[in-house]
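Down below is the structure, laid out as structure tokens.
Chains as they are written, first to last, in the working numbering: chain S, 1 to 294; chain P, 295 to 597.
Structure below.
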């Protein structure tokens, strides 16, 4: 770190160099008293140093809620959402799924979760005007083989599914080329995937959506009942890494979670066939540790 | 002038040298002069000159303060403190049950910590408070502004717009029912745009940014003197993962809490920290139960 570029007293800069402090992080990790002892400066000097360094890190970081609300720039606006391609769902979700954060898609088996996520992988490729993000998607499969035949069917029928988009625009997009499929059946492969491979694609701007199908499958087999501590720690780490990727690149992360429904006796008696429910919700990182669904 | 050497704001090593050389009061230092000082302590003349400058400034400041009568060592009785506390306003939460439990609402000059399991409504409550702090005085509010420090990215502007619109409507209904001059006048400036423009939003992506932001907070509050509420949404979130050194984490969190207490007291605002608490089944609880007991004693002292 080049301390000379900071707006500091030369004596303070000399003390920083002498104490071998190399980054702003090191300065902020130490308390005021520790810094005084380390750099042999008075408390007024240390206060000035802390304020200058904090200012350097956080200049121009304030926004008012009004500015957030009025921001219409599709690169920064909170109003920008990823449309699901279905007007009913979009109305329920007030435009679509938010671009920052993890969204969980939970439901029983064969409720339609994979279908929605396949459709999302196609929706993300449309122009901003039609609710897309003009970019590709990464699909991480953790249990089944990727349903490529179904994807092909969806691609062929896009002109019927998306009647709001003109046909020539649909024809121009090469849907298959921008969907990157990964198979990660165990934790290490998954970890490698999200830390190295996805960051590369995100940095190059080639993808603006990550779908994980499904997150619970990774944890179902490898952990016994007594390993819940370890399981929670892994989930917490993955959650944090995904959250940080999502914030850095403004990319929605869609996690599919399979839940089993608790059916009561009276319900079974009433109707033999019930519509299956799907839940879509933004995920608070902390609640990933609740996932005990098996 | 009878200021003890140990209490002067000099570098610790210099203070130690002064005490070892036998200096006890500031007066003795000033009488010795820079040359004598540099010889006795074995320091350079520039350092001695600087030290004497600091001592002179301090003594001058002390004299001004004792002449003025009020300073940081002001004495007051418990009765005066009680009256001061009771005269302060509260920030209402628009939930009468919650307001009753809190004794009127969220108190100013105190830190309020809100913990709960994820999804229970903590962020919603703090967005509500950020709007409620701006209610004009004639409607029972404190007419202040709010600072919102977000570490999780859960601040949804659309939701704040809904909350603010409902609040304005509520106040309009009150004004219609009572038909008073000052109500109608206050409503002219209490609109959706004005509410949104007085919520100052800071997004901190990791704990370093959070620490830096809290260091800058006193200056920000001095510039924006109408701020009455500081919300930190997710004070523990940046510290929860990727922290191998647990003692550093404890120290940093305690330091943050101390700074917020000072800010709350000096600027007469309410500070809010929000934390997630996990239910017993998971590891998180082990970490959280360590942090919780430390935070509770502070709250009890304050409240």
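We put the CB at the ideal spot given by N, CA and C, even for glycine. Note that the coordinates shown come from a computational prediction; the quantities given were computed from them, not determined experimentally.
Item	Value
Would you list the one or two residues that DSSP bridges to residue 256/S?	105/S, 213/S
Count the other C-beta atoms from every protein chain shown that fall within 10 angstroms of the C-beta of residue 234/S, then say buried if there are 16 or more, exposed otherwise.	buried
Can you say whether residue 439/P is buried or exposed, counting buried as having 16 or more other CB atoms within 10 angstroms of its CB?	buried
Looking at C-beta atoms only, is the number of pairs between the stretch 145-155 of chain S and the stretch 65-84 of chain S that lie closer than 8 Å three or more?	no
Just the C-alpha distance for residue 512/P and residue 405/P, rounded to the nearest angstrom, thanks.	15 Å
Hey, how far is the Cα of residue 324/P from the Cα of residue 369/P?	30 Å
How is the beta strand (DSSP E) around residue 313/P delimited, first residue to last?	No beta strand (DSSP E) contains residue 313/P, which is instead part of the alpha helix (DSSP H) from 306-314.
Kindly list, in the order they appear in chain P, the residues whose Cβ is closer than 9 Å to that of residue 106/S.	Within 9 Å Cβ-Cβ: nothing; residue 106/S doesn't reach chain P, min ~13 Å.
What did DSSP end up calling residue 589/P once you bin it into helix, strand or coil?	Because residue 589/P carries a pLDDT of 29, less than 50, the predicted location of this residue cannot be relied on, and no value is offered for it.
Closest to residue 546/P by CA distance: which of 7/S, 197/S, 30/S is it?	30/S
Please confirm whether residue 535/P has its beta-carbon closer than 8 Å to some beta-carbon of chain S.	yes
Using a cut-off of 9 Å between C-beta atoms, extract the partners of residue 78/S located in chain P.	449, 450, 451, 452
Could you give the distance in angstroms between the alpha-carbon of residue 596/P and the alpha-carbon of residue 522/P?	Because the pLDDT at residue 596/P is just 28, under 50, the model does not fix this residue reliably, and the value given afterwards should be weighed accordingly. Going by the C-alpha atoms only, they are around 18 Å apart.
Comparing the C-beta of residue 386/P with each C-beta of chain C, is any distance below 8 Å?	In the displayed structure, chain C is absent; the protein chains listed are S and P.
Could you tell me the distance, in whole angstroms, from the CA atom of residue 196/S to the CA atom of residue 120/S?	23 Å
Which partner residues of residue 296/S appear in the DSSP bridge assignment?	Beyond the ends of chain S as shown, which are 1 and 294, falls residue 296/S; an answer cannot be given.
What distance in whole Å lies between the Cβ atoms of residue 40/S and residue 305/P, which are believed to be in contact at a cut-off of 8 Å?	5 Å
Check the Cβ-Cβ distances between residue 519/P and every residue of chain S, and say whether any is below 8 Å.	no
Would you please state the rounded distance, in angstroms, between the beta carbons of residue 456/P and residue 527/P? I believe it to be under 8 Å.	18 Å between Cβ atoms; not a contact.
Our contact map puts residue 441/P next to residue 524/P with C-beta atoms below 8 Å; I'd like the distance itself, whole angstroms only.	5 Å
Are the beta-carbon atoms belonging to residue 105/S and residue 256/S less than 8 Å from one another?	yes
What in chain S is Cβ-close to residue 279/P, meaning under 8 Å?	Any answer about residue 279/P is impossible in this case: the structure gives chain P only from 295 up to 597.
Select from 423/P, 357/P, 352/P the residue whose C-alpha is nearest the C-alpha of residue 385/P.	423/P
So for residue 328/P, helix, strand or coil by DSSP?	helix
In the DSSP assignment, what residue or residues form a beta bridge with residue 411/P?	In DSSP, residue 411/P forms no bridge with anything.
I'd like to check one pair, residue 96/S with residue 131/S: are the Cβ atoms closer than 8 Å?	yes
Give the straight-line distance between the Cα atoms of residue 175/S and residue 159/S, rounded to the nearest whole angstrom.	13 Å
Looking at chain S, which residues of the stretch 453-471 of chain P have a Cβ within less than 9 Å of any of its Cβ atoms?	454, 455, 458
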